[in-house]
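Here the structure is laid out as structure tokens; the discussion comes afterwards.
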Amino acid sequence: MNTPIRSTASESASGLNRRQFLASAGATALSLSVLQPAMAAGAASPDKIKLGLIGCGGRGSWIANLFQKQGGYDLVAVADYFPDRTAAVGQKLGIPESRQYTGLSGYRRLLEQPGLEAVAIESPPYFHPEQAAMAVAAGKHVYVAKPVAVDVPGCQTIAQSGERARDRKLCFLVDFQTRADSFYIEAIRRLHQGDLGQLVFGEAIYHAECPFRSKYKYLETDPANPENRLRAWGLDRVLSGDIIVEQNIHTLDVMSWIMDQAPEYAVGTGGRKVRKFGDCCDYFALLFQYPNQVGITFSSRQIVGHGTQPDGIRNRMFGSQGVLETAYGGQVMIRGEKFFDGGRSPGIYQEGAVANIAAFHRSIREGDCQNLTVAPSVRSNLVSILGRTAAYQPGQVVTWDDLLRRNEKLEFDVRGMKG
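In structure tokens form, the structure reads like this:
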């Protein structure tokens with residue numbers, strides 16, 4: 001349920017320190033290359049994987065089509081809080097009303113569907129940790145959209161669910177499009193093998209207009225109404241995690257992938273200058289400090305009228321022997337002593353999802369339950385939350401260990417909503 005722009009160019013957080021988390025996430029980084037677009041659509045099987053969709057909004061409806069087109073899935077049930085959304089997807093995909101589940105607990109009833117093998121979670125990010133944990137407990141394979149959570153406890157829950165899924169021989173995949181793109185994979189592999197020399201500093205940006213303008217109408221009259229907030233979840237800090245978590249995680253994930261370790265701290269600012277509805281910021285400007293005195297600056301904005309140009313979603317990493325340049329949907333390359341003229345993936349938004357859907361199918365059919373996307377995705381999510389926490393306290397340094405020790409949880413008041 002989170003749509004990026006198209007660019008042209010431990011058991012508890014307090015028990016997980018920076019080094020422990022770094023070791024957990026870093027151990028799987030090189031193995032992520034298994035999720036390349038060159039993967040086949042999945043091992044041949046006479047039976048399709050019976051899939052349930054949790055979250056029938058814009059992205060949920062869109063990705064349901066991709067699962068169907070892949071050919072290895074049979075979409076058998078859908079769940080969403082709102083009946084109009086389940087009805088729309090159900091009608092489009094031929095799912096009877098008896099298998100359309102609504103209300104806050106609709107996803108639980110979906111998990112009880114006989115024969116269900118897997119779920120795709122495309123609900124607002126706030127709900128991902130609980131829904132994924134319940135799915136694993138019910139013995140289902142899990143495909144979940146980014147971000148995986150909006151707070152530190154949620155990230156820890158996802159990490160634990162990934163481990164429990166592995167132990168139960170269940171597949172758990174987090175859908176990052178860039179992680180499945182061959183140009184990104186090869187360029188960052190070359191960086192990790194030393195083609196840029198010593199890393200010096202970097203830049204990460206996500207400049208866009210607001211993708212949720214069509215949801216303003218739900219907040220014009222009764223913005224405190226929880227159902228209105230849910231309809232306009234992308235404008236709500238608690239439900240979305242703010243734009244730095246919900247949208248900007250795309251570029252912050254690439255930054256985290258490049259660095260392959262957690263930052264030491266973040267400092268910066270963020271705020272609202274033009275946004276009229278909701279409580280999310282419309283800009284962020286931060287510094288992420290990594291070990292060995294490597295600093296990466298980050299900026300984002302969602303300001304109507306500015307378009308996506310000239311920046312879009314980009315990452316640059318400067319080294320002693322070269323520069324890595326990436327653009328979501330644009331050119332990925334390395335300039336310098338070891339030149340790499342990678343290429344462009346203008347269809348990365350859909351192509352990345354298609355590749356991940358195929359990888360999910362193959363992992364289930366082949367019993368590959370290493371779940372290598374989980375730890376790096378949790379780390380990137382925590383990096384985004386670190387940046388948000390620092391920006392909410394302008395000028396104050398927030399360290400990685402401080403973030404985990406605080407273990408701050410966001411709460412959405414569901415009183416008055418349908419169960």
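So the sequence shown is numbered by the numbering used here: it starts at 1 and just counts up by one. A virtual CB, placed ideally from N, CA and C, is assigned to each residue, including glycine.
Separation of residue j from residue i, as counted between CA atoms
i           : j           : result
residue 58  : residue 88  : 11 Å
residue 22  : residue 163 : Confidence at residue 22 is low in this model, with a pLDDT of 36, below 50, so the placement of that residue is unreliable and no value is reported for it.
residue 144 : residue 331 : 27 Å
residue 109 : residue 123 : 15 Å
residue 114 : residue 176 : 30 Å
residue 394 : residue 381 : 20 Å
residue 333 : residue 251 : 16 Å
residue 423 : residue 207 : It is not possible to answer for residue 423, since the shown part of the chain is limited to 1 through 419.
residue 50  : residue 286 : 44 Å
residue 327 : residue 349 : 12 Å
residue 107 : residue 358 : 24 Å
residue 284 : residue 97  : 43 Å
residue 99  : residue 181 : 35 Å
residue 38  : residue 90  : In this prediction, residue 38 scores a pLDDT of 32, lower than 50, which makes its location untrustworthy; the coordinate-derived value is nonetheless stated afterwards. So the two alpha carbons sit approximately 31 Å from each other.
residue 420 : residue 172 : Lying before the first or after the last residue shown, residue 420 is absent from the chain, which here runs from 1 to 419.
residue 141 : residue 273 : 42 Å
residue 26  : residue 366 : Unreliable positioning characterises residue 26 in this predicted model, as indicated by a pLDDT of 39, which lies under 50. The coordinate reading is nonetheless provided below. Their backbone Cα atoms lie some 25 Å apart in a straight line.
residue 161 : residue 112 : 19 Å
residue 63  : residue 399 : 36 Å
residue 271 : residue 71  : 45 Å
residue 92  : residue 408 : 40 Å
DSSP bridge partner residues for residue i (one or two, in chain order)
i           : result
residue 314 : 205 and 327
residue 74  : 50
residue 495 : A query on residue 495 cannot be resolved here, the shown segment of the chain reaching from 1 to 419 and no further.
residue 142 : 119 and 172
residue 285 : 269 and 299
residue 424 : A query on residue 424 cannot be resolved here, the shown segment of the chain reaching from 1 to 419 and no further.
residue 100 : 78
residue 398 : 266
residue 290 : 294
Option nearest residue i by Cα separation, candidates the options
i           : options               : result
residue 311 : 333, 204 and 91       : 204
residue 406 : 418, 390, 395 and 419 : 390
residue 191 : 322, 366 and 369      : 322
residue 195 : 70, 328, 404 and 319  : 319
residue 75  : 174, 155 and 65       : 65
residue 214 : 52, 304 and 60        : 304
residue 120 : 103, 154 and 73       : 73
residue 60  : 71, 358, 47 and 81    : 81
residue 156 : 378, 230, 111 and 284 : 378
residue 153 : 403, 419 and 418      : 403
residue 337 : 198, 166, 174 and 168 : 198
residue 211 : 269, 297 and 282      : 282
residue 316 : 373, 374 and 256      : 256
residue 138 : 245, 416 and 168      : 168
CB contact check: residue i to chain C, cutoff 8 Å
i           : result
residue 329 : Chain labels in this structure do not include chain C; a single protein chain is all it has.
Item to complete: Mind listing, in chain order, the continuous alpha helix (DSSP H) runs of no fewer than 4 residues lying wholly within the region 213-277?
Response: 226-231, 237-240, 243-246 and 249-259
Worksheet item: Counting pairs of beta carbons, one from the region 394-414 and one from the region 293-307, are three or more of them closer than 8 Å?
Response: no
Worksheet item: Is it a yes or a no for the region 259-274 touching the region 140-156, going by three-plus beta-carbon pairs under 8 Å?
Response: no
Worksheet item: Are at least three pairs of beta-carbons, each pair with one atom in the region 335-344 and one in the region 171-191, less than 8 Å apart?
Response: yes
Worksheet item: Does the region 273-282 come within contact of the region 233-241, defined as at least 3 CB pairs closer than 8 Å?
Response: yes
Item to complete: Please specify which runs of the alpha helix (DSSP H), each continuous and at least 4 residues long, are wholly inside the region 339-389, giving them in chain order.
Response: 348-366
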